[in-house]
Structure formats: structure tokens, C-alpha cells
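Residue numbers (my numbering), protein chains in the order written: chain A, 2 to 111; chain B, 6 to 124. Ideal Cβ placement from N, Cα and C applies to all residues, glycine included. Have a look at the structure below, then the notes.
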């Protein structure tokens, strides 16, 4: 059975800290891994990763995929209170369906 | 990026009534739409995949007769929760992707979600 596991489940940090969120997966016929940020409502897209070892970066956020070890990390540097959210990892495998992980709930304290 | 809307954003209904939720892609044609359900502090669970002009594909454990999906046009999919009960209360989110743009490697765009409360 395909599955996506995220860790930690929740995290509390102070502004300015750097955090690393993890996503590991076991899927057949892997196609891509995606990271989303979910605040009150629907998830907003952050990154899509398809190739190993190529870092994607957007401002203070960056992500990288390791297809050999079957995991991805999402880094957030110099965290701000506005980064508080649930971060979701999803994997597509063989079809267009997303398999979502449980999410990591990040809270950044001022 | 592409915009997906959902309507209504919030609905409260009595047990036994049916509720229809609309999902629209506003600036692209969505050949495929997805319906998710999210319980508090849990992740998104895929309920069904909706393909324009054909029957929806439901995930295991999702009752087809209870959650009716119609994808009659390239910009609109609807989810009808029939004879709703309190246990159907949840956050329902749709997403859409344009298979004509980028093949496999384009992301899904999510609607803002609909919070359903069944009394």
C-alpha cells in the first residue's frame, strides 16, 4: 500500500529559528513529490520535485528530494510568525492522484 | 497561478437533507478534478476523482450513492452529499488540474474548501 509519512507531527519554534520538515514515502511508480502549505483553508502550492538532488528554492523556503532513500526535506530559514501553518507533503504515483502525508503542524512564536 | 473556486464556503444543514458543493476552475479547463475530505487536524483524504464527461472514480470505502459527483463541463464539478448525517460534517476541498498543460508534472490547484456542519 502506498504511504507518505511526515515528521515531526508538530513543531514549535521561535522567530528566527531554522526548521527542517521531513517526508518519507513508499509508493509504486513514483512520479513527483509536492509540498503544500495549509493555513485556515485550502493548501497552497510550494514546490514540486521530480529529480533527486536538485534543490528548489523560494525565498526562505527550500526543498530537495532523494529518490534513492525515498524522502524529501523542506527547510525554512529565519522563520516568521507567518510561517505558522500545516505543511503537507504529497506524492503522485503512476496516476494523477495525490497521496498526502499526515502533515507537520508548525507554530512560530514571536 | 490557476484559480479554483468552491461554493458555498460554509453550510449548515439538518440531518437527512442533501447538500450540493460546487467546484469551478476559473481560468483554465479542468479535465480532472479531485474531491478531498479533511477532518480536524488530519490530512486530506482523497474521496474521488472526477473526469469530465465520464463517471467518477471513487476511493475504497467511499460510498458512491452517498457522495454523488458530477463533472458535466470542463470548468465545473459538483459533489452532492445525500441524506447528510452528523458524521458527514467535515471540510470538503476540491482540486483541479489541467492535463493539457504539462502532462504529468503539473500540480493540482485547490479550492478554498467548504465546511459542512450537519446538525
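For the beta strand (DSSP E) holding residue i, just list the boundary residues, first then last.
| i | result |
| --- | --- |
| residue 77 (chain A) | 72-77 |
| residue 123 (chain B) | 119-123 |
| residue 76 (chain B) | 72-78 |
| residue 27 (chain B) | 24-30 |
| residue 93 (chain B) | Where residue 93 (chain B) is concerned, there is no enclosing beta strand (DSSP E), given that its DSSP letter is neither H nor E. |
| residue 11 (chain B) | 9-12 |
| residue 51 (chain A) | Residue 51 (chain A) -> no beta strand (DSSP E), and no H or E assigned at all. |
| residue 35 (chain B) | Per DSSP, residue 35 (chain B) belongs to no beta strand (DSSP E) and is neither H nor E. |
| residue 4 (chain A) | 4-8 |
| residue 61 (chain A) | Element bounds for residue 61 (chain A): n/a, residue is neither H nor E. |
Quick check on residue i: buried or exposed, where buried means 16 or more other Cβ atoms within 10 Å of its Cβ?
| i | result |
| --- | --- |
| residue 112 (chain B) | buried |
| residue 54 (chain A) | exposed |
| residue 78 (chain A) | exposed |
| residue 111 (chain A) | exposed |
| residue 76 (chain B) | buried |
| residue 93 (chain A) | buried |
| residue 31 (chain B) | exposed |
| residue 15 (chain B) | exposed |
| residue 67 (chain A) | exposed |
With a threshold of 8 angstroms between beta carbons, is residue i in contact with chain A?
| i | result |
| --- | --- |
| residue 98 (chain B) | yes |
| residue 122 (chain B) | no |
| residue 113 (chain B) | yes |
| residue 102 (chain B) | yes |
| residue 80 (chain B) | no |
| residue 48 (chain B) | yes |
| residue 117 (chain B) | yes |
So what does DSSP say about residue i, is it helix, strand or coil?
| i | result |
| --- | --- |
| residue 29 (chain A) | coil |
| residue 18 (chain A) | coil |
| residue 103 (chain B) | coil |
| residue 82 (chain A) | helix |
| residue 109 (chain A) | strand |
| residue 97 (chain A) | coil |
| residue 67 (chain B) | coil |
| residue 83 (chain B) | strand |
| residue 47 (chain B) | coil |
| residue 91 (chain A) | strand |
Answer yes or no: does any C-beta atom of chain E fall closer than 8 angstroms to that of residue i?
| i | result |
| --- | --- |
| residue 9 (chain A) | Absent from the structure is chain E; the protein chains it does hold are A and B. |
Looking at chain B, is there any beta carbon in it that lies within less than 8 angstroms of the beta carbon of residue i?
| i | result |
| --- | --- |
| residue 99 (chain A) | yes |
| residue 43 (chain A) | yes |
| residue 35 (chain A) | yes |
| residue 60 (chain A) | no |
| residue 66 (chain A) | no |
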